[in-house]
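Residue numbers (the working numbering): 10 to 146.
Note that CB positions come from ideal geometry on N, CA and C, so glycine has one too.
In this text the structure is predicted, and so the values were computed from the model without any measurement.
Reading through the structure tokens given below for one structure.
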């Protein structure tokens with residue numbers, strides 16, 4: 010993969026129709042539009058809300074923990090029209106095991122996983138040049 014630029018979460022905006030996640034690079038901010046339930050899941054995470062039954066991401070986290078897998082990083086690597094593409098880099102360790110695995114993922118899933126695991130989020134220079142800048146109102 011080409012040069013990577015680290016991103017940070019700037020803000021999350023929620024409407025009835027969609028969730029907007031605004032990411033910030035050193036010189037630019039851009040937004041990714043996602044399904045409204047992603048915003049609800051992010052809100053629950055940030056408020057440390059507990060549910061009676063495990064949610065999908067709770068199940069995934071327990072699976073990763075059980076398999077001794079760490080999230081190394083998330084990379085947003087492409088944008089086509091308004092669709093972003095991302096990958097998650099996992100590291101699985103064990104007595105006789107040491108694997109790095111790269112898996113394609115929806116940005117909504119990969120960003121939520123990165124935030125929950127405090128993993129760094131990156132994008133490629135090429136993708137950053139193709140985004141539409143987010144303007145604060």
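Endpoints, the beta strand (DSSP E) within which residue i is located
i: residue 61; result: First-last for residue 61: undefined, no H or E at that position.
i: residue 145; result: Per DSSP, residue 145 belongs to no beta strand (DSSP E) and is neither H nor E.
i: residue 90; result: Here residue 90 belongs to no beta strand (DSSP E), and DSSP marks it neither H nor E.
i: residue 37; result: Here residue 37 belongs to no beta strand (DSSP E), and DSSP marks it neither H nor E.
i: residue 12; result: Looking at the DSSP string, residue 12 is not in any beta strand (DSSP E), and its letter there is neither H nor E.
Exposure label - residue i; buried when at least 16 CB within 10 Å
i: residue 112; result: exposed
i: residue 72; result: exposed
i: residue 93; result: buried
i: residue 28; result: buried
Rounded straight-line distance, which links the Cα of residue j to that of residue i
i: residue 134; j: residue 16; result: 11 Å
i: residue 115; j: residue 74; result: 21 Å
i: residue 48; j: residue 120; result: 11 Å
i: residue 139; j: residue 87; result: 9 Å
i: residue 145; j: residue 64; result: 33 Å
i: residue 26; j: residue 60; result: 24 Å
i: residue 107; j: residue 80; result: 13 Å
Sequence-distant residues of the same chain with beta carbon closer than 7 Å to residue i, five excluded per side
i: residue 143; result: 31, 38, 39, 40
i: residue 136; result: 85, 86, 87, 88
i: residue 102; result: 77
Neighbourhood of residue i by C-beta distance below 8 Å, restricted to the same chain and skipping five residues each side
i: residue 33; result: 16, 17, 18, 19
i: residue 50; result: 64, 66, 121
i: residue 14; result: 34, 35, 131, 132, 133, 134, 137
i: residue 44; result: 27, 28, 117
Start-to-end residues for the alpha helix (DSSP H) that takes in residue i
i: residue 120; result: 116 to 126
i: residue 32; result: No alpha helix (DSSP H) holds residue 32; the beta strand (DSSP E) holding it covers 28 to 33.
i: residue 76; result: First-last for residue 76: undefined, no H or E at that position.
i: residue 187; result: Limits of the chain in this structure are 10 at one end and 146 at the other, which puts residue 187 out of reach.
Same chain, Cβ closer than 6 Å to residue i, neighbours up to 5 away in sequence not counted
i: residue 123; result: 83, 130
i: residue 42; result: 27, 29
i: residue 23; result: 48
i: residue 110; result: 99
Across the region 93 to 105 and the region 117 to 132, are there enough close Cβ pairs to call them in contact, namely three or more that are closer than 8 Å?
yes
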